[in-house]
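Novice: What follows is a single structure, and I will ask about it in a moment.
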Amino acid sequence: MAKSGDSTTINIKEANIMDTKAKAAAKSSSSSVPIVATTKVTKHTKGARMKRGAAILDFILRSIAITAALAATTVMGTTDQTLPFFTQFFQFKASYDDLPAFTFFVVANAIASAYLVLSLPFSIVNIVRPVVVGARLLLLIFDTVMIGLTSSAAGAAAAIVYLAHNGNSTANWISICQQFDDFCKRTSGSVVASFIAAAILMLLVVISALGLRKH
Numbered sequence: 001m002a003k004s005g006d007s008t009t010i011n012i013k014e015a016n017i018m019d020t021k022a023k024a025a026a027k028s029s030s031s032s033v034p035i036v037a038t039t040k041v042t043k044h045t046k047g048a049r050m051k052r053g054a055a056i057l058d059f060i061l062r063s064i065a066i067t068a069a070l071a072a073t074t075v076m077g078t079t080d081q082t083l084p085f086f087t088q089f090f091q092f093k094a095s096y097d098d099l100p101a102f103t104f105f106v107v108a109n110a111i112a113s114a115y116l117v118l119s120l121p122f123s124i125v126n127i128v129r130p131v132v133v134g135a136r137l138l139l140l141i142f143d144t145v146m147i148g149l150t151s152s153a154a155g156a157a158a159a160i161v162y163l164a165h166n167g168n169s170t171a172n173w174i175s176i177c178q179q180f181d182d183f184c185k186r187t188s189g190s191v192v193a194s195f196i197a198a199a200i201l202m203l204l205v206v207i208s209a210l211g212l213r214k215h
């Protein structure tokens with residue numbers, strides 16, 4: 001009877017030890033799951049914050065680009081200078097619409113300005129929902145198109161402005177900026193503003209590409 005009592009006591013102790021180990025293992029396994037989940041949530045939150053910061057920068061740069069493109073369009077579109085001296089049959093006058101390159105410049109920058117204004121709501125969507133891919137991808141495509149449009153218009157206008165300032169002795173083209181000083185200043189300023197808008201559009205493309213990198 002003593003032996004059977006001893007064995008019963010030993011079995012009870014072994015059972016208690018096994019129960020204690022099982023509970024410890026269950027606690028360790030249950031406590032490890034929330035740690036992994038918390039790590040994943042932290043990484044997701046950090047990535048969303050970075051994307052939201054990039055979207056805010058995108059919105060600010062778009063606002064600056066709108067100002068530059070509108071300034072280029074307005075200044076060039078209102079450039080018109082008439083010299084105070086004239087003959088009986090001819091009046092010395094210079095206007096932007098006398099040159100096709102300047103006309104193309106005004107149209108291109110007007111299109112870019114309108115696009116940048118219409119793109120602001122999509123930029124706001126990226127701020128509110130930074131993980132959305134569709135709006136960012138759409139802006140990336142159209143920003144690239146606007147880069148080609150504004151840079152080509154600015155390049156064509158810059159060539160005319162250069163000839164207006166320096167002329168070309170080989171082609172017997174004389175400089176007109178000594179007479180049409182205000183005309184040359186306004187056209188030069190509008191070309192600079194257009195190049196600024198094109199440069200900002202390039203930055204916007206880079207920001208959108210970085211935002212899509214993990215997708």
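The numbering of the sequence shown is UniProt numbering, which starts it at 1 and goes up by one. Glycine included, each C-beta is placed from N, C-alpha and C at the ideal position.
Quick one: what's got a C-beta closer than 8 angstroms to tryptophan 173's C-beta in the same chain, skipping five residues either side?
Specialist: The residues are Leu163 and Gly167.
Novice: Taking the straight line between their C-alpha atoms, what separation do you get for valine 107 and lysine 46?
Specialist: Their Cα atoms are separated by approximately 42 angstroms.
Novice: Considering only residues of the same chain and omitting the five flanking positions on each side of valine 131, which have a CB-CB separation below 7 angstroms?
Specialist: Ala48 and Lys51.
Novice: Just to confirm my understanding: we take alanine 158, look at its own chain, exclude 5 residues before and 5 after, and list those with CB closer than 7 angstroms. What are they?
Specialist: Result list for alanine 158: Val191, in chain order.
Novice: Rounded to whole angstroms, what's the CA-CA distance from glutamine 178 to alanine 68? Just pull it up for me.
Specialist: Going from the Cα of glutamine 178 to the Cα of alanine 68 covers about 27 angstroms.
Novice: By how many angstroms is the C-alpha of threonine 144 removed from the C-alpha of alanine 198?
Specialist: The alpha-carbon atoms of alanine 198 and threonine 144 are separated by roughly 10 angstroms.
Novice: Check whether the stretch 121–138 touches the stretch 52–63, taking contact to mean three or more Cβ pairs, one atom from each stretch, closer than 8 angstroms.
Specialist: Segments in contact, yes.
Novice: Express the C-alpha separation of leucine 99 and proline 84 in angstroms, rounding to a whole number.
Specialist: Taking the straight line from one Cα to the other gives about 22 angstroms.
Novice: With a floor of 3 residues, list each beta strand (DSSP E) that falls wholly inside the UniProt domain "Casparian strip membrane protein" (52–199), ordered by position along the chain.
Specialist: You should have 80–86 and 91–95.
Novice: Excluding five sequence neighbours on each side, which residues of the same chain lie with their C-beta closer than 6 angstroms to the C-beta of threonine 74?
Specialist: Cβ within range, chain order: n/a, list empty.
Novice: Of the choices Ile66, His165 and Ile60, whose alpha-carbon is the least far from that of phenylalanine 195?
Specialist: Of the listed residues, the one whose Cα sits closest to phenylalanine 195 is Ile66.
Novice: So which of Val128, Gly155 and Ser123 has the shortest CA-CA distance to leucine 140?
Specialist: Ranking Val128, Gly155 and Ser123 by Cα distance to leucine 140 puts Ser123 first.
Novice: Grab me the residues of isoleucine 207's own chain with a C-beta within less than 7 angstroms of its C-beta, minus the 5 sequence neighbours each way, in chain order.
Specialist: Here the set comprises Ala54, Leu57 and Asp58.
Novice: For leucine 203, which three-state DSSP category applies?
Specialist: Looking at leucine 203 - three-state DSSP - the assignment turns out to be helix.
Novice: Give the C-beta separation of isoleucine 200 and alanine 94 to the nearest angstrom, bearing in mind that I take them to be a contact with Cβ-Cβ under 8 angstroms.
Specialist: Rounded, the Cβ-Cβ distance is 30 angstroms, inconsistent with contact.
Novice: When you compare only the Cα positions, how much space is there between threonine 103 and valine 117?
Specialist: C-alpha separation (whole angstroms): 21 angstroms.
Novice: Please classify leucine 210 as buried or exposed, where buried requires at least 16 other C-beta atoms within 10 Å of its C-beta.
Specialist: Classification of leucine 210: exposed, given that the 10 Å Cβ count is below 16.
Novice: Look at the alpha carbon of aspartate 182 and the alpha carbon of glycine 77, and state the distance between them as a whole number of angstroms.
Specialist: Distance between the alpha carbons of aspartate 182 and glycine 77: 14 angstroms.
Novice: Going along the chain, which residues of its own chain have a beta-carbon closer than 6 angstroms to the beta-carbon of valine 161, five neighbours each way excluded?
Specialist: Counting only Cβ-Cβ distances below 6 angstroms, and skipping sequence neighbours, we find Thr187, Ser188 and Val191.
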